[in-house]
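Notes for the one structure printed next.
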Amino acid sequence: MHILYEWEPFKKFISQVTGVENIYPYIDSLSPININVNEEGQGLNWHYDNCDFSITLMLQPAKKGGTFEYVPWLRSKDNENYDELDKTLKGENKKVQVLNQSAGTLAFFRGRYSVHRVTPTIGKEPRLITVLAYSTEPNKTITKHTRNIFYGRE
Ligand SMILES: [Fe+2]
């Protein structure tokens, strides 16, 4: 994954797909590449991302559950759109979409404005997905605070 992460043609490909001209690896030791492991019953609640975009590579989908759901462009820079968010949290938003992913699916996602979640994994086989994070500015790291929240260490 480190080789892929740093590989110039891959970064160029990301740039072409996202339309983001400058793609830079994060320089801290924890945030660039993560493998999320969702054991039985584990998911991720509705949230927005802080980063400009994220790239995931599915390694092993859950046999059941572990579904990536999202509402495209639910909020904007100027409008939090709390009514739609409220509907989403209550399970009443018909705009919720599902991204079907199999092993090897490479997905590009802008999570800053599109609320999203992963439903709990059902069954003994964990859901395994790699998250690759890039910055649009060189020499970026995530903050100490964020490292503590996500990784429990600095
Ligand atoms: Fe996210």
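Here the sequence shown is numbered in this note's numbering, starting from 563 and rising by one per residue. Every residue, glycine too, gets a C-beta built ideally from N, C-alpha and C. Being a predicted model, the structure only gives us computed values, none of them experimental.
| query | result |
| --- | --- |
| Suppose you measure from the CA of Y713 to the CA of N596; what does that come to, to the nearest Å? | 10 Å |
| Got a sec, what are the start and stop residues for the alpha helix (DSSP H) N710 sits in? | K706 to Y713 |
| Mind listing, in chain order, the continuous beta strand (DSSP E) runs of no fewer than 3 residues lying wholly within the segment 642-702? | 659-661, 668-671, 677-680 and 689-697 |
| So what does DSSP say about P800, is it helix, strand or coil? | Outside the displayed range of the chain (563 to 716) lies residue 800, so it cannot be described from this structure. |
| Listed in chain order, which residues are found with a beta carbon closer than 6 Å to a heavy atom of ligand 1? | H609, D611, G673 and H678 |
| So is I585 buried or exposed if we call it buried at 16+ other beta carbons inside 10 Å? | buried |
| The alpha helix (DSSP H) that contains F719, what's its start and end? | No information on residue 719 is available, as it lies outside the stretch 563 to 716 that the chain covers here. |
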